[in-house]
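Participant: Quick note on the numbering used here: the first sequence kicks off at 17 and runs consecutively.
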Amino acid sequence: MPKSNPEIAELFDRLADLLDVEDANPFRVRAYRNAARVIRGESRSMTELVESGFDLDGLPGIGEGIAEKIHEIVDTGRLSQLDKIAKRTPLTLSDLIRLPGLGPKRVKTLYRQLNIRSADDLRRAARKHKIRELPGFGETLEHKILDALDRYARGEHRWYLAEAEAIAAPLVNYLQKLDGVGKVTVAGSYRRRKETVGDLDILVTCRKGVRVAEYFVAYDEVESVDSQGDTRASVQLESGIQVDLRVVPAASYGAALYYFTGSKAHNVAVRGIAVKRGLKINEYGVFRDGERIAGRSEKEVFASVELPYIEPELREDRGEIEAARKGGLPELVTIEAIRGDLHSHTNATDGRESLESMAQAARKRGYDYLAITDHTRQVQVAHGQQPEDIEAQLDVIDEYNARNPGLRLLKSAEVDILEDGGLDLPDSILRRLDLVLCALHYRFELDRKAQTRRLLKAMDNPHCQILAHPLARLINEREPLDIDLQRILEHAAAAGCAMEINGQPARLDLPDVHVQYARSLGVKFVLSTDAHSTGHLDYMRYAVDQARRGWLQAGDVLNTRPLQDFLAALRHV
DNA sequence: GCCGTTTTCGGCCCGACTGTTTTCAGTCG
């Protein structure tokens with residue numbers, strides 16, 4: 017069974033955890049963690065790169081040693097070094113190290129002194145009050161560990177960006193009401209517009225940090241307080257999300273925002289550059305020999321290390337620093353550039369509203385065009401339309417367009433990709449459509465070879481202009497398709513078939529790292545909402561977020577073009 | 001273990017908070 021990138025990355029993370037417990041060279045530990053991060057953020061499959069003879073040594077953070085280990089994993093499915101270490105330091109310790117409050121040192125003590133190897137061992141020992149007797153531990157920590165174990169049993173939860181927004185908005189509003197508070201900004205992965213966030217990081221400018229922290233923990237929705245100090249505090253809300261607050265003076269706003277936005281890997285890399293120049297960057301500013309030389313704005317911070325401003329969405333240490341140095345940063349696409357939505361449903365299938373209402377809402381948004389893309393017959397759960405129903409709908413659209421100048425409704429369909437890669441509408445109807453969107457809705461479990469063949473064949477049909485939600489994943493619910501994405505993207509680039517970035521909060525498909533890679537191959541994109549109601553048209557924001565995280569410029573996105581340009585830019589038979 | 005517009009050896013980001021200490025290690029972001 018070939019290993020996926022996340023599986024390979026996990027092996028390196030575990031190796032790092034165990035070495036950490038064993039007190040290995042911390043920089044070596046960091047190198048493994050860094051490699052894990054790079055592998056997770058790589059669109060191309062390590063397995064296929066190895067099989068094609070690609071030189072892994074060229075990837076950032078991956079040298080000769082780790083490249084060799086990746087080869088071993090791909091060839092044998094095992095990492096012998098990890099197996100070797102696991103004989104003396106149990107693999108399950110890496111589960112413990114991930115519990116909040118426990119790190120390598122404490123896990124080591126637990127293992128050495130009480131032979132605790134697993135979460136179950138740990139729970140038993142805590143209940144018998146064995147933990148509090150250990151050196152460096154105590155009663156409070158014992159309680160904290162039991163709490164952490166309860167949370168661990170419930171599993172880690174990451175929140176859709178849309179959910180996080182709904183939770184953050186009233187809290188930001190609340191914080192703003194306190195006297196003396198200046199700016200209130202949600203930073204962290206939320207500001208980087210990552211598809212999901214694990215917690216909320218809120219930055220506040222104010223002279224009196226203590227007062228803000230006190231006010232913050234008194235917020236209605238706060239369930240428990242994890243920590244509270246003069247400049248920061250951390251709480252759990254009743255919704256279950258963790259919120260970290262940080263308070264700095266206004267003069268430090270830029271430096272603090274920069275630090276608090278992350279990502280950690282990006283910050284570490286830029287701080288490294290600063291060190292080489294004899295500078296120190298922290299959340300209060302940029303310092304040379306103890307003297308503060310910048311920090312009011314993020315731009316100042318970047319300028320201090322001679323870099324142009326880097327947009328938050330790019331700050332993942334995935335090449336943005338090098339691009340910034342060379343003046344090669346992309347000018348990211350914006351929501352204002354979007355001229356139309358290319359994926360929407362009506363109550364003819366599983367949408368909730370009429371064609372007229374959808375059109376009205378699109379017009380209100382100022383769009384030039386909206387594609388009506390109801391399902392085809394094979395998708396029975398969504399009441400897919402028979403070919404004759406679709407033909408009837410085309411006439412309705414023609415009539416609508418004749419009556420309503422300004423907005424152009426595009427005749428389309430979300431054509432189902434059949435198991436054999438065929439399309440669920442005859443060419444005679446496909447030919448009549450302004451736009452053909454193709455998507456896969458069942459048999460997600462086909463093996464890699466068959467699934468890849470299925471999508472390649474679908475794209476071989478010259479009518480297939482856009483591949484919608486290409487990975488068919490649902491965040492937190494359904495894994496992405498097992499496909500050779502590199503081959504599919506190369507095929508799409510060659511055939512001129514565009515990839516969709518679907519803005520539904522649970523889809524956001526294609527994901528950022530694949531978008532970035534696809535762009536490098538010359539693949540074109542469209543941004544759509546897959547709206548099932550007029551309100552869903554608002555999901556375009558999330559599609560834009562994902563596009564920006566994938567380095568897309570307006571020129572990479574076909575629906576930034578006016579109608580005629582857009583239609584001409586699509587693939588044609 | 002990785003890396004190089006000062007280096008192929010000698011570096012590798014930085015500060016806040018907690019709990020257990022009696023001056024600080026561990027953890028976290």
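For every residue, glycine included, the Cβ atom is placed at its ideal position computed from N, Cα and C. Keep in mind it's a predicted model, so treat the numbers as computed, not measured.
Does the Cβ of Thr156 have 16 or more other Cβ atoms within 10 Å, making it buried, or fewer, making it exposed?
Facilitator: Exposed is the call here.
Participant: Per the DSSP calculation, Trp175 is bridged to which residue(s)?
Facilitator: Answer by DSSP bridge pairing, in chain order: Val213.
Participant: My output table needs one value for Met515: the three-state DSSP class, helix, strand or coil.
Facilitator: In the structure shown, Met515 sits in a strand (DSSP, three-state: E or B).
Participant: State buried or exposed for His552, treating a residue as buried only when at least 16 other CB atoms are found within 10 Å of its CB.
Facilitator: Label assigned to His552: buried.
Participant: Is it the case that the Cβ atoms of Leu107 and Val123 are separated by a distance below 8 Å?
Facilitator: Going by C-beta atoms, Leu107 is not nearer than 8 Å to Val123.
Participant: What's the gap between the Cα of Ile517 and the Cα of Leu358?
Facilitator: About 10 Å.
Participant: Could you tell me which uninterrupted beta strand (DSSP E) segments, each at least 3 residues in length, are contained entirely in the stretch 298 to 369, listed from first to last along the chain?
Facilitator: Segments of the beta strand (DSSP E) lying fully in the stretch 298 to 369: 301 to 304, 307 to 310.
Participant: Could you say which of His588, Ala32, Gly214 lies nearest to Leu51 if we only look at CA atoms?
Facilitator: Sequence inspection shows Ala at residue 51; the Leu mentioned does not correspond to that position. Answer by Cα proximity: Ala32.
Participant: For the beta strand (DSSP E) that Ser428 lies in, which residues bound it at each end?
Facilitator: It spans 424 to 432 - the beta strand (DSSP E) in which Ser428 sits, taken as one unbroken run.
Participant: Return yes when the Cβ of Tyr168 is within less than 8 Å of the Cβ of Ile609, no when it is not.
Facilitator: With the chain covering 17 to 589 only, the question about residue 609 has no answer from this structure.
Participant: Just the Cα atoms here: how many angstroms apart are His391 and Val90?
Facilitator: Answer to the nearest angstrom: the Cα atoms are 40 Å apart.
Participant: Assuming Val123 is part of the beta strand (DSSP E), what are its boundary residues?
Facilitator: Not the beta strand (DSSP E): Val123 falls in the alpha helix (DSSP H), residues 120 to 130.
Participant: Run the CB neighbour count on Lys540, radius 10 Å, all protein chains shown included, and call it buried at 16 or more, exposed below.
Facilitator: Lys540 should be labelled buried.
Participant: Take Ile619 as the anchor and find which of Ala180, Lys427, Gln129, Ala455 has the nearest alpha-carbon.
Facilitator: It is not possible to answer for residue 619, since the shown part of the chain is limited to 17 through 589.
Participant: From which residue to which residue does the alpha helix (DSSP H) around Arg535 run?
Facilitator: 528 to 536 is the span of the alpha helix (DSSP H), which, as asked, contains Arg535.
Participant: Which whole runs of the alpha helix (DSSP H) in the stretch 479 to 516 are 4 residues long or more, in chain order?
Facilitator: Listed in chain order, the complete alpha helix (DSSP H) runs (minimum 4 residues) inside the stretch 479 to 516 are 501 to 511.
Participant: Taking the C-alpha atoms as reference points, what is the distance between Cys222 and Pro265?
Facilitator: Approximately 5 Å between the Cα atoms of the pair.
Participant: If you check the beta carbons only, do Arg262 and Thr247 fall under 8 Å apart?
Facilitator: Cβ atoms of Arg262 and Thr247: closer than 8 Å.
Participant: Kindly identify the DSSP beta-bridge partner or partners of Thr392.
Facilitator: Note: Thr392 sits in a beta bridge opposite Gln401.
Participant: Nearest by alpha-carbon distance to Asp236: which of Asp411, Leu537, Tyr190, Gly214 is it?
Facilitator: Of the listed residues, the one whose Cα sits closest to Asp236 is Tyr190.
Participant: Cβ atoms of Val202 and Gln192: under 8 Å apart, would you say?
Facilitator: Taking 8 Å as the Cβ cut-off, Gln192 and Val202 do not qualify as a contacting pair.
Participant: What residue from Lys100, Glu58, Arg287 has the CA that sits closest to Glu299's CA?
Facilitator: Nearest of Lys100, Glu58, Arg287 to Glu299, Cα basis: Arg287.
Participant: Would you list the residues sitting across from Arg248 in a DSSP beta bridge?
Facilitator: Per DSSP, Arg262.
Participant: Note down, one range per segment and in chain order, each alpha helix (DSSP H) of at least 4 residues found wholly within the stretch 55 to 116.
Facilitator: You should have 62 to 67, 80 to 92, 96 to 104, 109 to 113.
Participant: Whose CA, out of Glu407, Asp111, Leu150, Arg140, lies closest to the CA of Thr125?
Facilitator: Comparing Cα-Cα distances from Thr125 to each of Glu407, Asp111, Leu150, Arg140, the minimum goes to Leu150.
Participant: Give me the Cβ distance between Val452 and Gln481, rounded to the nearest whole Å; I'm assuming they're in contact under 8 Å.
Facilitator: Contact holds; Cβ gap of about 5 Å.
Participant: Which residue or residues does DSSP assign as beta-bridge partners of Thr201?
Facilitator: According to DSSP, which records beta bridges pairwise, Thr201 is partnered with Leu219.
Participant: Please report the Cβ distance between Val560 and Ile433, rounded to the nearest whole angstrom; I am assuming they are in contact, meaning their Cβ atoms lie under 8 Å.
Facilitator: Not a contact, Cβ separation roughly 26 Å.
Participant: For the stretch 334 to 352 against the stretch 290 to 308, do three or more pairs of beta-carbon atoms, one drawn from each stretch, fall closer than 8 Å, so that the two count as touching?
Facilitator: With the cut-off at 8 Å, the stretch 334 to 352 and the stretch 290 to 308 do not touch.
Participant: Terminal residues of the continuous alpha helix (DSSP H) containing Ser373?
Facilitator: Segment 371 to 380, the alpha helix (DSSP H) holding Ser373.
Participant: Taking the alpha-carbon positions, what's the Ala509 to Glu316 distance?
Facilitator: Approximately 39 Å, taken between the alpha carbons.
Participant: Is the stretch 518 to 535 touching the stretch 562 to 573 in the sense that three or more CB pairs, one from each, lie closer than 8 Å?
Facilitator: Cβ pair count under 8 Å is three or more, so yes.
Participant: Evaluate Pro486 with the Cβ neighbour count: other Cβ atoms within 10 Å of its Cβ, from every protein chain shown; 16 or more gives buried, anything less gives exposed.
Facilitator: Burial call: buried.
Participant: Hey, quick one: how far does the beta strand (DSSP E) through Ala455 stretch, first residue to last?
Facilitator: From DSSP, the beta strand (DSSP E) with Ala455 extends over 451 to 455.
Participant: Going by DSSP, what residues sit across from Ala547 in a beta bridge?
Facilitator: Ala547 pairs with Ser360.
Participant: Counting pairs of beta carbons, one from the stretch 413 to 427 and one from the stretch 461 to 470, are three or more of them closer than 8 Å?
Facilitator: No, they do not touch.
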